[in-house]
Amino acid sequence: MKSLRQQENRAGLAYLSPTLIVVLVVVVVPILWTIMLAFQRIRLINLRRAGVFGEYTLANLETVLTSPGFWSSLWTTVVYTVGSTFGSIAIGLVAALALRGRFRGRTLVRASILLPYVAPVVAMTFVWTVLLSPQFGLVNDWGARFLGWDRPIAFLSQREYALDLLGWHVEIPLALLTVIAFESWRYFPFAFLFLLARLQAVPADLEEAARVDGAAPTQIFRHILLPQLSAVIALLCVLRFIMTFNKFDDVYLLTGGGAGTEVVSIRVYEFLTARFDVGAAAAQALVLAAGLVVLLIIYLRFFAPKVEE
Amino acid sequence: MRDRATVEARILGVLRPIVIIVLLVATLFPFLYMLLLSIRPIEQLLQDPGQLWIAPAEWTTSTYREVLTSVEDGGQGFLKFLANSGMVSIAAMGLTLLVSIPGAYAVSRLRFTGRRQVHFLFLSVYLFPSILLAIPLFVLFTRLGLRGSLGGLTLVYIAQTVPVSIYMLRNYLSTIPESLEEAAAVDGYSRLQTLRKIVLPLAAPAVMANALYVFMIAWNEFLFALLFLVEDRADWTVSLGLAQLSGGIEVSKTVLMAGSVVLTLPIVILFFAAERLLTEGLTAGAEKG
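Chains as they are written, first to last, in our numbering: chain Y, 81 to 389; chain R, 8 to 296.
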């Protein structure tokens, strides 16, 4: 009997070994190496001399933490992440509720609204860039034509936009909001999919009973559906938060990090490709990962249990 | 109470179709816009950017011709980029499956030491920003002379997709009754034979969904392509080619829109062909919360 157990043990590890090797070589070792790089003065030029036993220093971390724009970029990342996470889940929830019932062409509609999520990011950012372009974009043209905008709005390259609302004068971070809108648009299908799957597993008689008792739709949502959904919503919050916090390509392609949209991952990229400062780039990436871990711990410690209730 | 219920039901009855239409327009319009712009002559677009529809007589296919013809013949060479993207994506797809099918089988069926830790390892792969991985890989590939090689890029993609792949397949494999395998074992099948002849045919839909998903991830990927391939135009994938060309002013926007269509179309076709498979594969386990 024992040998059977051992045999299974060996088979399990053997079957898993290709996966482990790939993950080890392309994920785990690079992460460890980044940590080492972060504490060495390395530029692309002196890379050949860099090794495990190089000179370790905190200089990179100091460079990163004191460099101009670091804290503001961290703040931008947080605002961008929270905004996009909230936006995508909120729209996803509305979509899931609206597309839950039966109607003609439901399957096609459900499939169609998943498109932003599955389509290539480069094409999607590019279409938005053209749509919102001040020179030949449809939005600005229609805005001038139908909404009476007196001049085109540069959605992706204007940092602050002065808005006069009922006598109030507010400055809104236009480019950042546009990027958040894009991210919400692109990822709401992801939330939608998960929420819809969960909604369909809600026992029908529960809702039926409430309806017979005369409960209004909002009450049914509040007291029956929402409690059932809370676990999935919590999971989505964590998943979307992690993924958005690390996001590079969407912002990079939309604004190049300009106009108040410089998130940390774009700074890492700049350090790496514009300055060839490998050490500082690694240190910065490490700060990003550390920030994520801290935020996740805060979330799991203080907020997650409340949602579970 | 009943009043509130009827009022709300009536409001929602009106609101629901509106919401559905707004959602549909918001998601589909950019795709339509892309398509319509790609067949418009550029002068026409600059003259009247607000006009959506133009008569079929004015349509042009010169944008597509410019995008697809090779650089030597004065085009943008997207055919070459398509071939690159296709090669990388198909290689990533095949190799990911080769690696992750036995892996998923092991995780779902076999008891071995460290099974739980493996789970944790895969989860943490997601926690780390890909830009964090990008730095040492950038350095490593520079050293090995692999930077600018499609093979190196494929390797990175496999590492990115294997954890998702194992997660998706494991969920499916655990729904296959174990008794089937036991019966096979009684018939004298070895474990590998059981996997190949019993489990795999049963898991075919999940494997298909997974294959498509991996293909899509590899086809859509941008960051690593940008870091590793940017120096040599001959190596560009479609995503990278489009991003690189959109930065310049010499390529007209309508041509780039044609490029966007060329980049997006394969994915849209794949997605609609296998929509049910894909969504079920993705959300497997979501019902449990």
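Idealized CB from N, CA, C, for every residue including glycine. On a predicted model such as this, the values are computed, not experimentally measured, just so you know.
Among the CB atoms of chain Y, none fall inside 7 Å of the CB of R:THR201.
Within the same chain, Cβ atoms closer than 8 Å to the Cβ of R:ALA281 are found at MET215, ALA216, LEU219, the five residues on either side in sequence being excluded. Judged by DSSP in its simplified three-state form, Y:TRP248 adopts strand. Contact note: R:LEU263 reaches chain Y through PHE206, VAL210, using a C-beta cutoff of 9 Å and chain order. DSSP, reduced to helix, strand and coil, places Y:GLU342 outside both helices and strands of the structure shown, so it counts as coil. Counting every other CB atom within 10 Å of its CB across the protein chains shown gives R:LYS260 a total of 16 or more, marking it as buried.
In the structure shown, R:LEU117 adopts coil according to DSSP, grouped into three states.
Taking a beta-carbon distance threshold of 7 Å, Y:GLY294 counts as an interface residue toward chain R.
Contact between the stretch 91-103 of chain R and the stretch 219-237 of chain R is present: three or more C-beta pairs spanning the two stretches fall below 8 Å.
Of the other Cβ atoms in all chains shown, 16 or more fall within 10 Å of the Cβ of Y:ASP357; this residue is therefore buried. Counting C-beta atoms within 10 angstroms of its own C-beta, R:ILE28 has fewer than 16 neighbours from the protein chains shown and is therefore classed as exposed. For Y:THR99, the neighbours in chain R by C-beta distance under 7 Å run, in chain order, VAL106, SER107, GLY110, VAL169, ILE173.
At a cut-off of 7 Å between beta-carbon atoms, R:LYS260 makes contact with chain Y. Annotation: the continuous alpha helix (DSSP H) that includes Y:ASN220 extends over 218-226.
Distance from the Cα of R:GLY84 is smallest, within the candidate group R:ILE276, R:LEU160, R:GLN251, for R:GLN251.
By DSSP's assignment, Y:TYR136 forms a beta bridge with Y:GLN120. Close partners of R:ILE165 in chain Y (Cβ separation under 7 Å): VAL102.
Distance from R:LEU31 to Y:ILE171 at the Cβ level is roughly 13 Å; contact not present, criterion being Cβ atoms closer than 8 Å.
The DSSP-derived three-state label of R:LEU128 is helix.
Under the 7 Å criterion on CB atoms, Y:ASN140 is classed as non-interfacial with respect to chain R.
For the stretch 175-218 of chain Y, the full-length alpha helix (DSSP H) segments reaching 4 residues or more read 186-192, 195-198, 201-212 along the chain. Identification of residues in the stretch 223-240 of chain R having a C-beta nearer than 9 Å to some C-beta of chain Y yields MET223, TRP226, ASN227, GLU228, PHE229, LEU230, LEU233, LEU234, VAL237, given in sequence order. For R:GLY288, the uninterrupted alpha helix (DSSP H) segment begins and ends at 282-290. Distances from the alpha-carbon of R:SER137 to those of Y:VAL344, Y:THR209, Y:TYR379 put Y:VAL344 closest. Taking C-alpha positions only, Y:GLY340 is separated from Y:ARG239 by approximately 6 Å. Annotated three-state conformation of R:LEU153 is coil, per DSSP. Note that the C-beta distance between Y:ALA363 and Y:THR114 is not below 7 Å. With a cutoff of 7 Å on beta-carbon distance, R:SER246 and Y:VAL174 are scored as not near each other.
Taking 7 Å as the threshold, the shortest C-beta distance from Y:LEU173 to chain R does not fall below it. With a 10 Å radius around the Cβ and a threshold of 16 neighbouring Cβ atoms, R:SER92 comes out buried. Within the stretch 58-120 of chain R, the complete alpha helix (DSSP H) segments of 4 residues or longer fall at 69-75, 85-116, listed in chain order.
If you check the CB distance, Y:LEU212 and Y:LEU227 do not come in under 7 Å. Residues of the stretch 313-334 of chain Y whose Cβ lies closer than 7 Å to any Cβ of chain R, in chain order: ILE322, ASN326, PHE328, ASP329, LEU333. The beta carbon of Y:ARG186 is closer than 7 Å to those of LEU179 in its chain, skipping five residues each way along the sequence. Under the three-state reduction of DSSP output, Y:ALA242 falls in the strand class.
Cβ proximity to chain Y below 7 Å picks out GLU15, ALA16, LEU19, ARG23, VAL26, ILE27 from the stretch 13-28 of chain R.
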